[in-house]
Amino acid sequence: MSATEGEAARHKTGRNETEEERADRKWAELIQEVRVAQTGVQILFGFLLTVVFTPKYADLTDTDKTIYIVTVVLGAAATGALIGPVSLHRLVSGRRVKPQAVEAASRLTFVGLVLLLATMTAALLLILRVATHDGYVPWLVAGVVAWYLVCWFVVPLLTRRRNTTQ
Numbered sequence: 010m011s012a013t014e015g016e017a018a019r020h021k022t023g024r025n026e027t028e029e030e031r032a033d034r035k036w037a038e039l040i041q042e043v044r045v046a047q048t049g050v051q052i053l054f055g056f057l058l059t060v061v062f063t064p065k066y067a068d069l070t071d072t073d074k075t076i077y078i079v080t081v082v083l084g085a086a087a088t089g090a091l092i093g094p095v096s097l098h099r100l101v102s103g104r105r106v107k108p109q110a111v112e113a114a115s116r117l118t119f120v121g122l123v124l125l126l127a128t129m130t131a132a133l134l135l136i137l138r139v140a141t142h143d144g145y146v147p148w149l150v151a152g153v154v155a156w157y158l159v160c161w162f163v164v165p166l167l168t169r170r171r172n173t174t175q
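One point on numbering: in my numbering, the residue at position 36 of the sequence shown is 45, and numbering is uninterrupted.
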């Protein structure tokens with residue numbers, strides 16, 4: 010890249026950084042974000058794995074057992090997607106593809122967050138169905154899911170829309 014092209018690239022990103030520096034920064038930011046999500050999904054998944062070994066599991070209805078199985082599978086999938094960026098980085102490290110690796114890891118992280126949302130929704134549904142058999146459980150779960158959607162997607166997308174310059 011010539012000096013003029015390098016200067017144009019720096020102005021395009023709004024920072025005084027090369028493409029490699031930008032990829033390094035974005036990678037560090039992504040890994041910090043993944044650490045938070047990984048911890049949550051791993052704790053939730055670990056808890057879910059123990060449920061089947063409790064005496065209460067035998068008393069669950071077929072519907073609740075199905076919800077449990079779906080929840081465990083979703084938790085496993087979320088765990089895989091959120092650990093995926095670490096494996097991706099390890100396997101492509103030193104190959105000079107960091108910008109592409111950051112993009113792929115970002116996509117895996119987004120999929121992991123969606124799967125985590127589904128896992129948490131299913132876990133909440135199961136727990137509330139077991140704790141109470143009242144008809145308000147689906148409404149309560151829907152309210153919590155709406156809150157997650159606002160916090161995880163609506164606020165970030167609105168912030169991006171309002172604060173992104175063309």
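Using N, Cα and C, we set each Cβ at its ideal position, and we do this for glycine too.
Whether residue i touches residue j by CB criterion (8 Å)
| i | j | result |
| --- | --- | --- |
| T118 | P147 | no |
| L166 | S115 | no |
| G84 | V43 | no |
| K107 | A32 | yes |
| A86 | L124 | yes |
| L135 | I52 | no |
| R34 | E26 | yes |
| R171 | D73 | no |
| Q47 | I92 | yes |
| L191 | V79 | Because the chain is modelled from 10 through 175, residue 191 falls outside the range shown and cannot be assessed. |
| A113 | L100 | no |
| L126 | Y145 | no |
Burial state of residue i (16 or more Cβ within 10 Å)
| i | result |
| --- | --- |
| G121 | buried |
| A131 | buried |
| F54 | buried |
| H20 | Since pLDDT at H20 reaches only 49, below the 50 mark, its modelled position is unreliable, and no value is offered. |
| A155 | exposed |
| V111 | buried |
| A90 | buried |
| V150 | buried |
N- and C-terminal bounds of the alpha helix (DSSP H) containing residue i
| i | result |
| --- | --- |
| R116 | 107-140 |
| S96 | 71-101 |
| P165 | 164-172 |
| T63 | Premise fails: T63 is in no alpha helix (DSSP H) and is neither H nor E. |
| W148 | 146-158 |
Practice problem: List in chain order: all unbroken alpha helix (DSSP H) runs of 4+ residues lying wholly within the region 31-62. | Solution: none
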